[in-house]
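Everything on this sheet refers to the single structure shown next.
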């Protein structure tokens, strides 16, 4: 009888409390959004199920939990805490990214830079709310709208916040169709939304080959801390455009990035154990994350409007919203809004140019913040 | 500590100001450098291969292309089909896209997608595509 009682007190049914129920609700919501609403399913499904797995109550000391040394989940989580998975994801991203529209119109790169201003505004806001500098920097990077970059920087500066920051970053990436359109509409006039962008010029293979090399040297010399992200990113891109290692490029943009995404999403989800995740800090992180994302969108749009004031060639200010690095979600939203106003307005390729420059911009920002706060 | 005092204490103003300036400057320089790439490659190519005047007799395919594509998808597809004559029965979408850009067709990505959705342009596997006969 004692043995049976002991067994029963060790089951999840006995150990569960209201916090676990809350986290299951979050996990099920993510799974629903992924399957039912098709919001970023590649991210939300692994994270959502990871949340469910990570919040099954267990008897501490069994070596089961993600935070318990030598547990299987702990080993899988190693790729997150060391920044290995984000680096691998960037390799695959590089092998997927087509920079031709950015090379055809280099000034769109400025919109990718402008959208990073949300990061620095949020850094100030987080400091003002009492977060420590390293925590504030990790929260601020959510404004870059780049999950792997957020996880990478947080793993380096504030590893105890990886769970809430990763969940906030990926949630806001998934909620782009809800967050960005009202800001885009609020900050632009109908006439601005109707601006057509001319078709980009054809880009030669030589330009495509030179770009990753120049990009690597310039960005990584400027912010060496971004090497783990941008080094693999530009390498992946060079494999793609070189045309001589198609097998490797194909593997990088399919099997490798998929494996990293699965492990990254699942373990980040599992890291949201109720006792670690449900804190007042997490609430602050979610609020600041929303502020960061909205400010990033707004600063991109406002900068595009500013460029129109000083430049002869007008650009559609909606493109500024795709300066965040949520690829391709924000580019899709910009295109959709342009099409809503005028079905013959095709902004997708131009928005992808801003998007890809946003990826570079947010990785540089992560490198800069890491260098400022390391030690 | 909270508010402006916390920002001051953590050297927040300097971090935010310097960070913003560095990222803007970095990407502006990168943007400037990539705008120079075509000029540089053009300069070296011009040195290596002096320009040869193209024979005038060769007609440019632009003449067969209207400024605006017809709304009717079948009519639009005939223009695209005429472009692939020298590409053979099966061709890659990259080649089709390149050809359509060469003759200045508007929004080739969108048109090619429409042909694929309508089943006019079908995949033959291994990245090759061919036209399906249009049924009346």
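Residue numbers (the numbering used here), protein chains in the order written: chain C, 9 to 383; chain U, 64 to 199.
Every residue gets a Cβ at the ideal spot worked out from N, C-alpha and C, and that includes glycine.
Predicted model only: the values in this text are computed from it and were never measured.
CB of residue i within 8 Å of CB of residue j, strictly
i, j, result
"residue 93 (chain C)", "residue 268 (chain C)", "yes"
"residue 188 (chain C)", "residue 369 (chain C)", "no"
"residue 214 (chain C)", "residue 103 (chain C)", "no"
"residue 111 (chain C)", "residue 97 (chain U)", "yes"
"residue 98 (chain C)", "residue 237 (chain C)", "yes"
"residue 99 (chain U)", "residue 118 (chain C)", "no"
"residue 157 (chain C)", "residue 371 (chain C)", "yes"
"residue 55 (chain C)", "residue 276 (chain C)", "yes"
"residue 202 (chain C)", "residue 350 (chain C)", "yes"
"residue 136 (chain C)", "residue 69 (chain U)", "yes"
"residue 37 (chain C)", "residue 182 (chain C)", "no"
"residue 3 (chain C)", "residue 148 (chain C)", "Outside the displayed range of chain C (9 to 383) lies residue 3 (chain C), so it cannot be described from this structure."
"residue 354 (chain C)", "residue 173 (chain U)", "yes"
"residue 174 (chain C)", "residue 294 (chain C)", "no"
"residue 138 (chain C)", "residue 232 (chain C)", "no"
"residue 208 (chain C)", "residue 113 (chain C)", "yes"
"residue 87 (chain U)", "residue 121 (chain C)", "yes"
Buried or exposed by the 16-neighbour rule on C-beta atoms within 10 Å, applied to residue i
i, result
"residue 318 (chain C)", "exposed"
"residue 162 (chain U)", "buried"
"residue 72 (chain U)", "exposed"
"residue 320 (chain C)", "exposed"
"residue 150 (chain C)", "buried"
"residue 185 (chain U)", "exposed"
"residue 76 (chain U)", "exposed"
"residue 40 (chain C)", "exposed"
"residue 20 (chain C)", "exposed"
"residue 133 (chain U)", "exposed"
"residue 221 (chain C)", "exposed"
"residue 65 (chain C)", "buried"
"residue 180 (chain C)", "buried"
"residue 11 (chain C)", "exposed"
"residue 17 (chain C)", "exposed"
"residue 108 (chain U)", "exposed"
"residue 181 (chain U)", "exposed"
"residue 342 (chain C)", "buried"
"residue 59 (chain C)", "buried"
"residue 48 (chain C)", "buried"
"residue 70 (chain C)", "exposed"
"residue 102 (chain U)", "exposed"
Any chain A beta carbon closer than 8 Å to residue i
i, result
"residue 115 (chain C)", "Of the protein chains in this structure, namely C and U, none is chain A."
Problem set entry | Cβ-based contacts, 9 Å cut-off: residues of the segment 194 to 215 of chain C near chain U | 207, 209, 210, 211, 212, 214, 215
Exercise. Mind pulling the alpha helix (DSSP H) runs of 4 or more residues that sit fully within the segment 244 to 294 of chain C?
Worked result: 254 to 259, 265 to 278, 282 to 285
Problem set entry | Near-chain U residues of the segment 231 to 244 of chain C (beta-carbon distance less than 9 Å), N- to C-terminal order | 231
Exercise. Along the segment 104 to 135 of chain C, what residues have a CB closer than 7 Å to any CB found in chain U?
Worked result: 111, 114, 115, 117, 118, 120, 121, 124, 125, 128, 131, 132, 135
For this session: Report yes or no: do the segment 136 to 145 of chain C and the segment 159 to 179 of chain C share at least 3 C-beta pairs separated by less than 8 Å?
Result: yes
Exercise. For the segment 44 to 77 of chain C, which segments carrying the alpha helix (DSSP H) assignment without a break, of at least 4 residues, lie completely within its bounds, in sequence order?
Worked result: 49 to 62
Problem set entry | Cβ contact check for the segment 302 to 311 of chain C and the segment 330 to 344 of chain C: 3 or more pairs under 8 Å | yes
For this session: Note down, in chain order, all residues in the segment 155 to 173 of chain C with a beta-carbon under 7 Å from any beta-carbon belonging to chain U.
Result: none
Exercise. What residue ranges within the segment 67 to 155 of chain C form continuous alpha helix (DSSP H) runs of no fewer than 4 residues, ordered along the chain?
Worked result: 80 to 89, 92 to 104, 108 to 112, 117 to 122, 125 to 136, 141 to 148
Exercise. Just by C-beta distance, which residues in the segment 81 to 107 of chain U are closer than 7 Å to chain C?
Worked result: 82, 83, 85, 86, 87, 89, 90, 91, 92, 93, 94, 96, 97, 98, 100, 101, 104
Exercise. Counting pairs of Cβ atoms below 8 Å between the segment 64 to 84 of chain C and the segment 276 to 287 of chain C, do you hit three or more?
Worked result: yes
Exercise. Name the residues in the segment 164 to 186 of chain U whose C-beta lies less than 7 Å from a C-beta of chain C; which are they?
Worked result: 164, 170, 173
For this session: Pick out the complete beta strand (DSSP E) segments inside the segment 153 to 236 of chain C, 3 residues or longer, and give them in chain order.
Result: none
Exercise. Going along the segment 139 to 156 of chain U in order, which residues come within less than 9 Å of chain C, judged by CB to CB distance?
Worked result: none
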